[in-house]
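Trainee: Attaching a single structure in structure tokens format; questions to follow.
In full-length UniProt numbering, the protein residues as written are 1 to 211.
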């Protein structure tokens, strides 16, 4: 079989040069610009005297690539002992991983409290306002204070439900300052609590009410 003067090479078991695409108009071919050569090497195998601009070192490219989600989840599980489901949420929710790692940087913050705040209450605020962590006005420092206040039992979970919306509306105010301003700190001094109880019970009106 012939096609414009070229024999079908498969009939002769030969490889022949095909038509020049840059010269025949029926291909409507746009020639590529001249590209410089690209050399790919492994680390330590780059020949001396070669130009750096035309060399690609595989290890350098690998270091620049971001970690895959699976790798990040494994890191969270092994480094911080984060449960798989929590690790998946941290990776999936945009911006949440950076906040988590920032708040865990010093290693002193309670992990369980932090995960509960971020993955339940904080995400709830984000979804309510239809925004991402990067768009949320609540400062990372304030979130850290919230976790510390909860872990030390200076505030309760019910107080947290009121605190986060206020921090969203007034991001310039820190969590500790907001709690003190609203007088939301729980009293944990046993002697003070007993004193208040005794004062209430010694009130004649209370005694007469109790009968």
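The beta-carbon is built from N, C-alpha and C at its ideal position, and this holds for glycine as well.
#1: My understanding is that residue 111 touches residue 143, with C-beta atoms under 8 Å, so please give their C-beta distance in whole angstroms.
#2: Would you kindly check if the distance between the Cβ of residue 113 and the Cβ of residue 76 is under 8 Å?
#3: From what residue to what residue does the alpha helix (DSSP H) around residue 61 run?
#4: Compute the Euclidean distance between the alpha carbons of residue 42 and residue 64, then round it to the nearest angstrom.
#5: Just reading off the beta strand (DSSP E) that residue 41 is part of, what are its end residues?
#6: Inspect the CB distances between the stretch 190-198 and the stretch 154-166 and report whether three or more fall short of 8 Å.
#7: Would DSSP call residue 120 helix, strand or coil?
#8: Should residue 156 be labelled buried (16 or more other beta-carbon atoms within 10 Å of its own) or exposed?
#9: Taking all protein chains shown into account, do 16 or more other C-beta atoms lie within 10 angstroms of the C-beta of residue 105, making it buried, or fewer, making it exposed?
#10: What is the DSSP secondary structure of residue 55, reduced to helix, strand or coil?
#11: On the three-state DSSP scale, how would you describe residue 170?
Mentor: So, to answer that:
#1: The sequence position of residue 111 within the chain shown is 111, counting from 1. The sequence position of residue 143 within the chain shown is 143, counting from 1. Incorrect: roughly 14 Å between the Cβ atoms, too far for contact.
#2: Taking the first residue of the chain shown as position 1, residue 76 is located at position 76. Taking the first residue of the chain shown as position 1, residue 113 is located at position 113. It is not a contact, given that the beta carbons lie outside the stated cut-off.
#3: Walking along the chain shown from the start, residue 61 turns up at place 61. Its alpha helix (DSSP H) spans residues 58-64.
#4: As a first step, residue 42 is located in the chain shown; it is residue number 42 there, counting from the start. As a first step, residue 64 is located in the chain shown; it is residue number 64 there, counting from the start. Cα-Cα distance, rounded: 15 Å.
#5: As a first step, residue 41 must be located in the chain shown, where it is residue number 41. Its beta strand (DSSP E) spans residues 39-41.
#6: no
#7: Locating residue 120 in the chain shown gives position 120, where the first residue counts as 1. Helix, per DSSP.
#8: Start at 1 with the first residue of the chain shown, and residue 156 comes out as number 156. Residue 156 is exposed by the Cβ-count criterion.
#9: Locating residue 105 in the chain shown gives position 105, where the first residue counts as 1. The residue is exposed, with fewer than 16 neighbouring Cβ atoms inside 10 Å.
#10: Translated into positions along the chain shown, residue 55 becomes position 55. The answer is strand: DSSP assigns residue 55 an E or B state.
#11: The residue labelled residue 170 in the question sits at position 170 within the chain shown. Looking at residue 170 - three-state DSSP - the assignment turns out to be coil, as it is neither helix nor strand.
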